[in-house]
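Participant: Okay, handing you the structure first.
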């Protein structure tokens, strides 16, 4: 796989600093039951990296010590970690919101047929990847048969009450979907695409959900290597930089989130984690028990333009939409 990191540093991206930490995003490991073209983690069935028990057991201590509101679990497929359910239960017992970055097909993996029931029983917010509402487009990006299994997963979540009523403000079971473009282009306007998703998924399959989150593809790891191999990397970077919107700097996720890798090392965001760009200040999960990272400088590189281009992009979707919601 071609490495894009040498092309991302140095950078002229504007300097930014941290605000108050509210969310701990933890990558439990790179093992996944899928291998998607756009995956910036380079996850797959053959990856073996998984967080050890001592680090998993440290996470609730950090949540309590820092008074954090959210635990965002990602991977790979985070549900493949053997301590996933224990961690969810511990975090929920602390009153912390738990977000599961779910690929939907994990819900029908052998031995995990009760996973959806577990998520619903613990009030876990599900953020589910579905890069299109059309079968051919999804299978081309994520693998043959993924669309059908994803639809089955969504129907199962709906049957348990996900996405139907309440949502973020009403106390219901939250089901948000994630859209990534299929290639080197910016996501379309989130509000318009969400309306199309809701219309098409309801009409075709009777599926409902709360929000659609649009996320730009990052020019790193598998997607970045593909861009280099096709001679499209520099054009994509030019698009990101030309579309930079400085207003989005106020809402980028790295201001209030810390990303933790499977070895317990800290990064300013999930993308920096994948590039190995360590952060200033507290460097390990254990450090967070006693150190508040607020006010520290954030490590930036050229890929950061992917978060500020156009309507903006973060783990919570378009930054313009988030600003409107606030």
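Residue numbers (the working numbering): 44 to 369.
Quick reminder that beta carbons are idealized off the backbone N, C-alpha and C, glycines included.
1) Roughly how many angstroms lie between the CA atoms of residue 375 and residue 153, to the nearest whole one?
2) Between which two residues does the beta strand (DSSP E) holding residue 350 run?
3) So if DSSP puts residue 302 in a beta bridge, which residue, or which two residues, is it bridged to?
4) With three or more beta-carbon pairs closer than 8 Å as the criterion, would you say the stretch 169-185 touches the stretch 133-151?
5) Return the first residue and the last residue of the beta strand (DSSP E) that residue 171 is part of.
6) Could you tell me which whole beta strand (DSSP E) segments of length 3 or greater appear in the stretch 156-239?
7) Helix, strand or coil for residue 340, going by three-state DSSP, please let me know.
8) What did DSSP end up calling residue 261 once you bin it into helix, strand or coil?
9) Going by CA-CA distance only, name the one from 94, 70, 101, 47 that's closest to residue 331.
10) Helix or strand or just coil, what does DSSP make of residue 140?
11) Taking only the alpha-carbon atoms, compute the straight-line gap between residue 234 and residue 67 and give it to the nearest angstrom.
12) Count the other CB atoms within 10 Å of the CB of residue 375; is the residue buried (16 or more) or exposed (fewer)?
13) Could you have a look at residue 87 and say whether DSSP puts it in helix, strand or coil?
14) If you draw a straight line from the alpha carbon of residue 245 to that of residue 180, how long is it in whole angstroms?
15) To the nearest angstrom, report how far apart residue 353 and residue 230 are at their CA atoms.
16) Less than 8 Å between the beta carbons of residue 45 and residue 271, yes or no?
17) DSSP three-state label for residue 278, please.
18) Does DSSP classify residue 327 as helix, strand or coil?
19) Ordered along the chain, which non-local residues of its own chain (more than five positions away) have a Cβ less than 7 Å from that of residue 159?
20) My guess is that residue 347 and residue 56 are in contact by the Cβ rule of under 8 Å, so how many angstroms apart are they, rounded?
21) Counting only runs that start and end within the stretch 100-145, where is the alpha helix (DSSP H) found for 4 or more residues in a row?
Facilitator: If we stick to the structure as given:
1) Here the chain covers residues 44 to 369 and nothing more, so residue 375 does not appear.
2) No beta strand (DSSP E) holds residue 350; the alpha helix (DSSP H) holding it covers 348-351.
3) 68, 310
4) The answer is yes - the stretch 133-151 touches the stretch 169-185, with three or more Cβ pairs under 8 Å.
5) 168-172
6) 168-172, 218-222
7) strand
8) coil
9) 101
10) DSSP places residue 140 in strand when its eight states are reduced to three.
11) 27 Å
12) The first residue shown for the chain is 44 and the last is 369, placing residue 375 beyond what the model contains.
13) strand
14) Their Cα atoms are separated by approximately 18 Å.
15) 9 Å
16) yes
17) helix
18) Looking at residue 327 - three-state DSSP - the assignment turns out to be strand.
19) 150, 199, 200, 203
20) 5 Å
21) 127-136
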